[in-house]
Structures are given as structure tokens and as C-alpha cells.
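So this note's numbering is basically just the index in the sequence shown, starting at one, shifted up by 1287. Cβ coordinates follow ideal geometry from the N, Cα and C atoms, glycine included. The structure appears right after this line, and notes come after that.
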Amino acid sequence: MSLIVEVFFNIIKFINKILIFFKKKNFINYLFDKLYSESITKIVINNNIVKMWTPSNFAAWVAQNFLGKRKAIEEFISNIPDKKDIVFWDIGANLGFYSLYCASKKQNVKIVAFECSTSAVLSISKNVSINNFHDKISIFPIGLTNVDSDFLILKEHSDSLGAQFNALNTEFELENWKYKNRYKIFSNNLSNLVDNKSLKSLPDYIKIDCDGLELEILEGFKKYLSDLRIKSIIIQMKFGPRIVDNKKFDDDKIILRSNKIYSLLEKCGFKSRHLEKGMEKKGQYLDIFER
């Protein structure tokens, strides 16, 4: 497929040169604008057609395989009461698909989508706009961590929309790991954002999936984690090898970080639904923590 794309693209470039010479217009730019605006995948959620902006192969694949891929998150969102005073934080929103899922399932729940990758934020804003969800979903483009407000380095592994694999102010434990994009983004911890009223209310429900930064985000919210308004949190847990591009994470450090998450949340009054079922801490899974 890559060879076919390369040949086709070279043909387009040749045509473009001719058009520029005679018409003084760049055909590729016009083509890009057309593909940019019309790369839409439609799926059905709660008997409603939801549009997802999918200008990359990865985004299209995620949209096509979205429903049923992570049933624990779907169940978590489906169980959120549909009331006007309920707030859902989607931390690590990526392309915003789970924010869309919540907005489609719930008429009254207010959603805040947190995302640090600027290209992913572009996708969320597009998805919110084409589905007319601007009154339901608020976008917070910020890096979340455990430090006070600062501009921190964000590293992205890929240009493919939705597959950036971010590292904020840290290096993952991989050998010969290369990042394509590096830039500074304003970052802060959640406690500060609540204290200074950047966030007007605490959440009732939280989803956290942030490429290994879940611990830092929770540490930066420790001041409020014991507040009884926060009823449930779903988090991506890692107790096994994580492989990206045939490179393997340091298992011991991953397990240590995940155990710290359990310890922190238990001290704040949460219980693990995963461990209540007698399951082992093994592999990668989504765990739900409840009061």
C-alpha cells in the first residue's frame, strides 16, 4: 500500500507542477483543504449518528473500531447519572472520542476534555464542532502533571493524528527512543486549577489515560481526591510489558508506578473494582476505583 501511495503522490506532484506553471495555483493545497474538511467517519451511538473527524489512518482505524474496543470505559460512562449537576473529566482525551461518546449518551452531563497535544486538541475541537456539542464539551488544552504552573517540554513520537504517544516533562524507559516533535506547552496540576477557579467545580467522574503519566496527574490532584463529590475514577493500569514499535518499557518501574496509584487512591477512600473481583495485578487493564 505504501508503494501505491508513493506512486500516486508523485503523479499528483507532477500534475501540480504543471498547474502551477500554467495556472499559478497549487493543486495540492486545494486537495489538502478538501480532504481536511471532508475526512469524516460516521458511527451510531445511542441511536444517534456521531461524526468523527478522521484525517489520518490511525484516527480512521480508531473510529471504525471504537465501539466495543474498551468496554470498561463505555460501561463507566453509561453508568454516569444523567443530571445537570454531574461533571465528567476526560483526562487524556486524545481525539475526543470518549467525550463524544459521553455527550451522545448523556443529555445533561457537563464534560471537560483535557489534552496536551496541540494536534489532538485540533481534532477534539473539530469533533465538537461538527456534532454541535459546544454546549456539552469544554476543551482544556493543557499539560497535567504534579508540578506548579510552568511551560514544560512535550515530546510526541508520531505525526499521525491520535498516535502521538506523548511524554510530558519525562523520558520513558526505552532504549534508542526517538520523538518527532518537541515543544513547550503550559502545564499545571489539577489542585492549582481548582484553587484559582480555572475549573469551577470538582468532577463527579474521571477517566485518566495519559501514556504513563497517570501517577503524576493524581499526585497533582491529591489535595482534592478525598472529596466525596468525586465518586469514581477509571484509570489505565499497567502491570505487564508495554511494547511500542518493538521497544519494551522497563517493567519494574511501570509496576512500581501502578502500585503507587493503588496506594494513593486507597488512602483517599477509593476501592478497586478489579481487585474486589479477586483478579491479579497482571498485564494492562482499565481499573475502576469507587467510594
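Between the beta-carbon of V1349 and the beta-carbon of L1387, is there less than 8 Å? No. Outside cutoff.
Roughly how many whole angstroms lie between the Cα atoms of F1452 and I1493? Near 21 Å, if we compare the C-alpha coordinates of I1493 and F1452.
Alpha helix (DSSP H) containing Q1351: first to last residue? Q1351: member of the alpha helix (DSSP H) spanning 1344-1351, first to last residue.
Per DSSP, which residues does D1377 bridge with? Please list them. Answer by DSSP bridge pairing, in chain order: A1400, K1494.
Please confirm whether G1507 and L1477 have their CB atoms less than 8 Å apart. The criterion of a C-beta distance shorter than 8 Å is satisfied by G1507 and L1477.
With burial defined as no fewer than 16 other Cβ atoms inside 10 Å of the residue's Cβ, what is the status of M1566: buried or exposed? Burial call: exposed.
With a cut-off of 8 Å on the beta carbons, I'd call S1416 and N1333 a contact; round off their distance for me. Incorrect: roughly 20 Å between the Cβ atoms, too far for contact.
Report the three-state DSSP secondary structure of K1413 (helix, strand or coil). Note: K1413 maps to helix in three-state DSSP.
Please state whether DSSP places R1469 in a helix, a strand or coil. Three-state DSSP puts R1469 in a strand.
Quick check on this structure: which residue in N1456, L1431, M1339, S1412 has the alpha carbon closest to the alpha carbon of D1422? Shortest Cα-Cα distance from D1422 to any of N1456, L1431, M1339, S1412 involves S1412.
Cβ-based neighbour list, I1360, same chain, cut-off 7 Å, excluding 5 preceding and 5 following: Closer than 7 Å at Cβ, skipping near neighbours: Y1385, K1494, I1521, L1573.
Would the beta-carbon of V1399 fall within 8 Å of that of I1367? When the beta-carbon positions are compared, V1399 and I1367 stay at least 8 Å from each other.
Leaving out the 5 sequence neighbours to the left and right, which residues in its chain are closer than 6 Å to H1561 when beta-carbon positions are compared? Apart from sequence neighbours up to five positions away, the residues of its chain that approach H1561 with a beta-carbon distance below 6 Å are D1574, ordered along the chain.
Grouping DSSP H, G and I as helix and E and B as strand, with all else coil, what is K1338? Correct three-state label for K1338: strand.
With a cut-off of 8 Å on the beta carbons, I'd call L1455 and G1430 a contact; round off their distance for me. Yes, L1455 and G1430 are in contact; Cβ-Cβ is about 5 Å, under 8 Å.
How would you write the range of the alpha helix (DSSP H) that S1391 sits in, first residue to last? It spans 1384-1392 - the alpha helix (DSSP H) in which S1391 sits, taken as one unbroken run.
Would a C-beta distance cut-off of 8 Å place F1401 and I1378 closer than the cut-off? Going by beta carbons, F1401 and I1378 fall inside the 8 Å limit.
Going straight from the alpha carbon of L1480 to that of L1505, what length do you get? Roughly 13 Å between the two C-alpha positions.
Close beta carbons around N1468, own chain, < 6 Å, minus the five adjacent residues each side: Here the set comprises E1443.
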